[in-house]
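Asker: Residue numbers (this note's numbering), protein chains in the order written: chain A, 32 to 340; chain B, 421 to 673. Glycine included, C-beta positions come from ideal geometry on N, C-alpha and C. Bear in mind that the values here come from a model prediction, so they are computed numbers and not experimental data.
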């Protein structure tokens, strides 16, 4: 797959000595939706700001469609649209003028028909003559998206697009993002919400303390999510897993009272019936059974904890 | 050069001016009229002519300079400080534009606004006194240069300022005293010799003197020196702005 953004060994150390990015390397495929997950202060916004030119990097290389963001900043920035985390808008200006300003700023000639199309798509057309200060919070977020799309970018950065947004608007945002993807726009979004990444991303990256801990296809992650654990509590403790049960890959707890069996929910046969039969044949008396499913959140928490260790 | 971007910034900034056109227009007309009532008529009638020019007419260049300098600074400083304050500066930093294009857009709009106000004051002054401008082209050139250089200065203040209070600090504490002591309302030849020498360290003296020469052919200092002063001031401001964008001082982390 063709990559449209290549980041190599990106480091950012702020003036006070805080190391926000510790050598991040990452390639974004053209036309994909990448969700960057991470806790507060993980370096998500710094990463986006550095690519967009708002923050300067300490070292490393960033190329947008082959253009270096330092040497060929004009060509690189023309390809990028940014929706910032904060709702930063000129309150006294109208929706139309503020969107037109963004297009002009990127050196694009006036194209009212195109801007009308964007505003209609974002349900903002009726509000085009309203001042920003008269709009609701959700509408203002849409204006930010309209501004970011005004110059027809090929890459769109959405920094926490649904932070503080109600459920229905969040759903609308996801629809908008999917529609943009269909139009061929590459989308990189940062989020706290794991369900958001699950709902719309093609790939998921996890970042913490300035390091990229994981970047993986959502499908393969979901496969890992498909793993479930069956926990068997025994009436009497055992010292080892009986030989007759060795094929099941059971894990015995330290106190010898619990056996854990992992299985794939997506598989044709989970092996549970066979396991229960074998347990009985081995003479083990069961006290209780429990099942639990891995979630992206588990993977995320584990990765973040490992990163902190 | 990304001229479309320059135009976009210019139009966006001018829109702010047109939104408050009544204030932008009426305020200088009223304040100029008040200056003429107080200095021109009430006090000026008791002051004899200055080098053959009536006192009412004599103060016109100083009044215009006073307004275009303060307006140039306040328009440009607010123009760039406001995006910093509300956070929309991100758009400028992420746009495919360089420092020169940003400066031309913001400073151009601020200079246009102050030029407009200067012309309004000139027209208002024409209602109170007879004005026979001896060097109209030079007069216009001095006005444009002053509007531009002070808008540049204001742009630097806007980037430097971290609060609205700081935004007002230099115009109030530095510029206003320099303008009032720079011969806006008097010829420096009226001062005692010691103060005449001290006054020559005030850069505003050169600007007002040159501007007054364009009106009446009278100057406290040679016109060439006035031009040199304004060119030097513009040059210093340009270098400062170039350095700000090169280093990202107070705008890019």
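Does the beta carbon of residue 83(A) come closer than 8 Å to any beta carbon on chain B?
Answerer: As a position in the first chain, residue 83(A) is number 52, starting the count at 1. It does: the Cβ of residue 83(A) has a partner Cβ on chain B nearer than 8 Å.
Asker: Only counting the same chain, and skipping five residues up and downstream in sequence, which positions put a Cβ closer than 6 Å to that of residue 122(A)?
Answerer: Against the first chain, residue 122(A) aligns to sequence position 91. Cβ within range, chain order: 163 and 164.
Asker: Consider the Cβ of residue 322(A): report whether some Cβ of chain B lies at a distance smaller than 8 Å.
Answerer: As a first step, residue 322(A) is located in the first chain; it is residue number 291 there, counting from the start. No, no contact with chain B.
Asker: For residue 422(B), go through chain A and note every residue whose CB falls closer than 7 Å to its CB, in chain order.
Answerer: To locate residue 422(B), count along the second chain from 1; it is residue 2. Within 7 Å Cβ-Cβ: 138.
Asker: May I ask you to list, following chain order, the residues of the stretch 486–518 of chain B that have a beta carbon less than 9 Å from some beta carbon of chain A?
Answerer: Cβ contacts with chain A: 502, 503, 506, 507, 508, 509, 510, 511, 512, 513, 514, 515, 516, 517 and 518.
Asker: Are the C-beta atoms of residue 187(A) and some chain B residue less than 8 Å apart?
Answerer: By one-based count along the first chain, residue 187(A) stands at place 156. No, no contact with chain B.
Asker: Taking any Cβ of chain A, which residues in the stretch 427–448 of chain B have a Cβ under 8 Å from it, in chain order?
Answerer: Listed by position, the residues of the stretch 427–448 of chain B near chain A (Cβ gap below 8 Å) are 427, 428, 429, 431, 432, 435, 436 and 439.
Asker: Can you tell me whether residue 336(A) is helix, strand or coil according to DSSP?
Answerer: Along the first chain, read from residue 1 onward, the residue named residue 336(A) stands at position 305. Correct three-state label for residue 336(A): helix.
Asker: Are residue 77(A) and residue 43(A) touching if we call contact CB-CB under 8 Å?
Answerer: As a first step, residue 77(A) is located in the first chain; it is residue number 46 there, counting from the start. As a first step, residue 43(A) is located in the first chain; it is residue number 12 there, counting from the start. Yes, the Cβ-Cβ distance between residue 77(A) and residue 43(A) is below 8 Å.
Asker: Which runs of the beta strand (DSSP E) spanning at least 3 residues fall entirely within the stretch 196–275 of chain A, listed in chain order?
Answerer: DSSP runs (the beta strand (DSSP E)) wholly in the stretch 196–275 of chain A: 217–222, 234–239, 242–248 and 258–265.
Asker: What is the DSSP secondary structure of residue 605(B), counted as helix, strand or coil?
Answerer: Looking up residue 605(B) in the second chain gives position 185. Residue state, collapsed to three classes: coil.
Asker: Relative to the C-alpha of residue 324(A), which candidate in 293(A), 300(A) and 309(A) has its C-alpha closest?
Answerer: In the first chain, the residue the question calls residue 324(A) occupies position 293. The option with the nearest alpha carbon to residue 324(A) is 293(A).
Asker: Going straight from the alpha carbon of residue 81(A) to that of residue 653(B), what length do you get?
Answerer: Residue mapping note: residue 81(A) aligns to position 50 of the first chain, counting from 1. Residue mapping note: residue 653(B) aligns to position 233 of the second chain, counting from 1. So the two alpha carbons sit approximately 35 Å from each other.
Asker: Tell me where the alpha helix (DSSP H) around residue 358(A) begins and ends.
Answerer: As displayed, chain A neither begins before 32 nor continues past 340, which places residue 358(A) out of reach and without an answer.
Asker: Please report the Cβ distance between residue 484(B) and residue 541(B), rounded to the nearest whole angstrom; I am assuming they are in contact, meaning their Cβ atoms lie under 8 Å.
Answerer: On the second chain, position 64 is the one that residue 484(B) refers to. On the second chain, position 121 is the one that residue 541(B) refers to. Indeed they touch by this definition, with Cβ atoms about 5 Å apart.
Asker: Taking DSSP as the reference, what is the three-state secondary structure of residue 60(A)?
Answerer: Here residue 60(A) is taken as the residue at index 29 of the first chain, counted from 1. Residue 60(A): strand per DSSP, three-state reduction.
Asker: So what does DSSP say about residue 314(A), is it helix, strand or coil?
Answerer: Position 283 of the first chain, counting from 1, holds the residue named residue 314(A). In the structure shown, residue 314(A) sits in coil (DSSP, three-state: anything other than H, G, I, E or B).
Asker: Kindly provide the ranges of any alpha helix (DSSP H) runs that are 4 or more residues long and lie completely inside the stretch 440–474 of chain B, ordered along the chain.
Answerer: You should have 441–455.
Asker: Kindly indicate which three-state DSSP category residue 668(B) falls into: helix, strand or coil?
Answerer: Against the second chain, residue 668(B) aligns to sequence position 248. DSSP places residue 668(B) in coil when its eight states are reduced to three.
Asker: Given residue 286(A), which residues of its chain have a CB within under 7 Å of its CB, disregarding the five upstream and five downstream residues?
Answerer: Walking along the first chain from the start, residue 286(A) turns up at place 255. Cβ within range, chain order: 268.
Asker: Of the choices 554(B), 623(B), 539(B) and 662(B), whose alpha-carbon is the least far from that of residue 522(B)?
Answerer: Walking along the second chain from the start, residue 522(B) turns up at place 102. Nearest of 554(B), 623(B), 539(B) and 662(B) to residue 522(B), Cα basis: 662(B).
Asker: Below 7 Å CB to CB, which residues in the same chain sit around residue 490(B) once its five sequence neighbours on both sides are set aside?
Answerer: As a position in the second chain, residue 490(B) is number 70, starting the count at 1. Cβ within range, chain order: 591 and 595.
Asker: According to DSSP, is residue 50(A) helix, strand or coil?
Answerer: Taking the first residue of the first chain as position 1, residue 50(A) is located at position 19. It is a strand residue.
Asker: Here's a check: name, in chain order, each residue in its chain whose Cβ is nearer than 7 Å to the Cβ of residue 312(A), leaving out the five neighbours to either side.
Answerer: Here residue 312(A) corresponds to residue number 281 of the first chain, with the count starting at 1. Result list for residue 312(A): 275, in chain order.
Asker: Please compile the residues from chain A whose C-beta is within a distance smaller than 9 Å of the C-beta of residue 672(B).
Answerer: The sequence position of residue 672(B) within the second chain is 252, counting from 1. Under the 9 Å cutoff, chain A gives 84, 85, 86 and 87.
Asker: Among 138(A), 37(A), 254(A) and 180(A), which residue has its Cα nearest to the Cα of residue 147(A)?
Answerer: Counting from 1 along the first chain, the entry for residue 147(A) is found at position 116. Taking only the C-alpha atoms, the option nearest residue 147(A) is 180(A).
Asker: Which one or two residues does DSSP pair with residue 190(A) in a beta bridge?
Answerer: As a first step, residue 190(A) is located in the first chain; it is residue number 159 there, counting from the start. In DSSP, residue 190(A) forms a bridge with 221(A).
Asker: Does the beta carbon of residue 462(B) sit closer than 8 Å to a beta carbon anywhere in chain A?
Answerer: In the second chain, counting from the first residue as 1, residue 462(B) sits at position 42. So, not an interface residue.
Asker: Could you work out which residues of chain B lie near residue 128(A), taking near to mean beta carbons separated by less than 9 Å?
Answerer: Working through the first chain from its first residue, we reach residue 128(A) at position 97. Result: 431, 432 and 435.
Asker: When you compare only the Cα positions, how much space is there between residue 251(A) and residue 262(A)?
Answerer: In the first chain, the residue the question calls residue 251(A) occupies position 220. In the first chain, the residue the question calls residue 262(A) occupies position 231. Their Cα atoms are separated by approximately 24 Å.
Asker: Of the residues 608(B), 604(B) and 572(B), which one's Cα is nearest the Cα of residue 656(B)?
Answerer: Position 236 of the second chain, counted from the first residue, corresponds to residue 656(B). Closest by alpha carbon: 572(B).
Asker: Only counting the same chain, and skipping five residues up and downstream in sequence, which positions put a Cβ closer than 7 Å to that of residue 422(B)?
Answerer: Numbered from 1 along the second chain, position 2 holds the residue referred to as residue 422(B). Within the same chain, residue 422(B) has close Cβ partners 516, 517 and 521.
Asker: In angstroms, rounded to a whole number, what distance separates the CA positions of residue 177(A) and residue 183(A)?
Answerer: For this step, residue 177(A) is matched to residue 146 along the first chain. For this step, residue 183(A) is matched to residue 152 along the first chain. Using only the alpha carbons, I get a separation of about 10 Å.
Asker: To the nearest angstrom, report how far apart residue 248(A) and residue 497(B) are at their CA atoms.
Answerer: Working through the first chain from its first residue, we reach residue 248(A) at position 217. Working through the second chain from its first residue, we reach residue 497(B) at position 77. When rounded, the distance between both Cα atoms is 49 Å.
Asker: Give the DSSP-derived three-state secondary structure of residue 305(A) in the structure shown.
Answerer: Locating residue 305(A) in the first chain gives position 274, where the first residue counts as 1. Three-state result, residue 305(A): helix.
Asker: Would residue 222(A) and residue 120(A) qualify as a contact pair, given that the criterion is a beta-carbon distance under 8 Å?
Answerer: For the purposes of this step, residue 222(A) is taken as the residue at position 191 of the first chain. For the purposes of this step, residue 120(A) is taken as the residue at position 89 of the first chain. The answer is no: Cβ separation not under 8 Å.
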